[in-house]
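The structure appears below as structure tokens.
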Amino acid sequence: MDPSSMFGPIDALTQTQVEFLLLGLVIVTMVTRILAHRAHVEQARDGAEAISRYVPHEVANVVLILASFYYLTVEHHGGMILSMLVVGVFVTDFFEFEARKVEARRDEPLDQPKAAVVGSLFVFAYAAYQSLFFVVEPLWNGIV
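Counting in my numbering, the sequence shown runs from 14 upward without gaps.
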């Protein structure tokens, strides 16, 4: 066991699967973002005060943040980059929700959460790079 591992036996069991877990969590978060937007559009029809946070999306965000922080303990460089991207998307989601409430108060049609979608695409791209690097590794090593 690596002496620098923070969680000991847990690291030994999950070290090889954590990248795939993160990729799955990113996809789940993207799906819940779509469902949250649909719920917000439905809630906006009842008025601005009816709009509330979509709990499955908030839970998925928190689990993704915790998983990216765990990945930081396993893979320091990749975990730092991924954690920064995930926290950035979390902050963007927070402000996107507030923007939807403002649009509902002004009786404007709700925009899609464009910034959060673009941010989550960056997170998806990096998580896919980390977890699926073995696919392009022979080509990558041939060039670099």
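Think of the CB as a built atom: it goes at the ideal place given N, C-alpha and C, for glycine as much as any other residue.
Check                                                                                                                                                  : Outcome
Are the CB atoms of Ser144 and Leu36 within a distance shorter than 8 Å?                                                                               : yes
Grouping DSSP H, G and I as helix and E and B as strand, with all else coil, what is Pro122?                                                           : coil
Let me know the alpha helix (DSSP H) ranges lying completely inside the segment 57-136, each 4 residues or longer, listed in chain order.              : 68-87 and 89-118
Could you work out which residue in Val41, Glu88 and Gly92 is closest to Glu71 when comparing CA atoms only?                                           : Val41
For the putative contact between Val44 and Phe137, defined by C-beta atoms under 8 Å, what is the C-beta separation to the nearest angstrom?           : Actually they do not touch by this definition, with Cβ atoms about 12 Å apart.
By the DSSP assignment, the alpha helix (DSSP H) with Met145 in it spans what residues?                                                                : For the sequence presented, residue 145 should be read as Leu rather than Met. Here Leu145 belongs to no alpha helix (DSSP H), and DSSP marks it neither H nor E.
Would you say Ser96 and Phe82 are within 8 Å of each other, going by their C-beta atoms?                                                               : yes
When you compare the CB positions of Val104 and Leu77, do they come within less than 8 Å of one another, or not?                                       : no
Can you give me the Cβ contacts of Ser133 inside the same chain, cut-off strictly under 6 Å, excluding the 5 residues immediately before and after it? : Met43 and Val102
Return helix, strand or coil for Val41, following the three-state DSSP convention.                                                                     : helix
Going by DSSP in three states, Val54 sits in which element: helix, strand or coil?                                                                     : helix
Below 8 Å CB to CB, which residues in the same chain sit around Lys114 once its five sequence neighbours on both sides are set aside?                  : Ala61 and Ile64
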